[in-house]
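Here numbering that gives the first Met the number 0 is used: the first residue of the sequence shown is 0, the next is one more, and so on.
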Amino acid sequence: MVKAQTIQRVATPTAILVGLAEPLATICTDALADGGLRVLRVGHVAAACERIPVVMPQLVVASTTLRPEDTDMLVDRCVAVGAEVINVAPDAKIDAALKTMLKDAANMALIRSLRRGG
């Protein structure tokens, strides 16, 4: 019997966007990618909840329009993997303050990824 070497999984610093519409989704994607994160976009909470335990993101950016029970489910998954959750209103003003908030969140996500060993 040949013993195969186990390949260690290396986590890529990742953010998941949940339920964000254009142009906000693109602004968030660009800002987080510029901050060094891989960004996945999903349209609804069910898809996000399936991906979170697999992808193990450091950051989840969700729309404030999610139903409370969907938000609770999303937050539960995020707590389980140590991801920060940021809620953004669909009518959020796309300005320097939003971009700064996203840049800061990306920096913190990178730090969390390094602490996890990813």
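Glycine included, every Cβ here is placed at the ideal spot set by N, Cα and C.
Using 8 Å for Cβ pairs, my map puts residue i next to residue j. What's the rounded Cβ distance?
i, j, result
"L31", "A105", "5 Å"
"L73", "V44", "5 Å"
"G34", "A61", "Not a contact, Cβ separation roughly 18 Å."
Sort the options by Cα distance to residue i and report the nearest one.
i, options, result
"L23", "V87, L113, D103, A95", "V87"
"L16", "V59, R66, L36, Q4", "V59"
"D69", "T25, A3, S112, A47", "A47"
"K98", "Q57, L113, T28", "T28"
Provide the residue(s) that pair with residue i in DSSP beta bridges, ordered along the chain.
i, result
"I85", "V60"
"A14", "V38, L58"
Against chain D, with Cβ distances strictly below 8 Å, would residue i count as a contact?
i, result
"E21", "No chain D appears in this structure, which consists of one protein chain only."
Just the Cα atoms here: how many angstroms apart are residue i and residue j?
i, j, result
"C77", "M100", "19 Å"
"D103", "A14", "13 Å"
"E49", "I110", "24 Å"
"M107", "G42", "24 Å"
"A20", "P89", "7 Å"
"L65", "K2", "48 Å"
"P67", "V84", "14 Å"
"A82", "Q4", "30 Å"
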